[in-house]
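Residue numbering for the sequence shown follows UniProt numbering, beginning at 1 and increasing consecutively. All C-beta atoms in this analysis are idealised placements derived from N, C-alpha and C, irrespective of residue type, glycine included.
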Amino acid sequence: MDSDTLTGLLKNVAGKFPDRRALSVSGKFDLTHARLHDLIERAASRLVSAAGIKPGDVVALTFPNTVELRFLRKWCVDD
């Protein structure tokens, strides 16, 4: 089932609530579910075309040590 993965869940929510806020960093930016889904799809497409990444491959991401990183980790990893 597609909603069993993070990608599937994000796609499902973007379809149901495209204009609702998905991510907000006070004073810096806000993203709707539709925009977040679009950014994820574009990034994935670039990884596939430019780097030869295939579905199921493990990809490591690096970020500067910022409050946004802490927020992202909390949102994606922690229960």
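| Query | Result |
| --- | --- |
| Three-state class that DSSP yields for Ser-49 in the structure shown | helix |
| Reference Leu-36; option with closest CA among Asn-65, Thr-66 and Val-13 | Val-13 |
| Cα-Cα separation between Ala-60 and Arg-42, rounded to whole angstroms | 17 Å |
| Own chain, CB closer than 8 Å to Val-67, minus 5 neighbours either side, in chain order | Val-25 |
| Leu-31 in three-state terms, based on DSSP | strand |
| Residues of its chain near Ile-53, where Cβ-Cβ distance is below 7 Å and the 5 sequence neighbours each way are ignored | Leu-47 and Val-59 |
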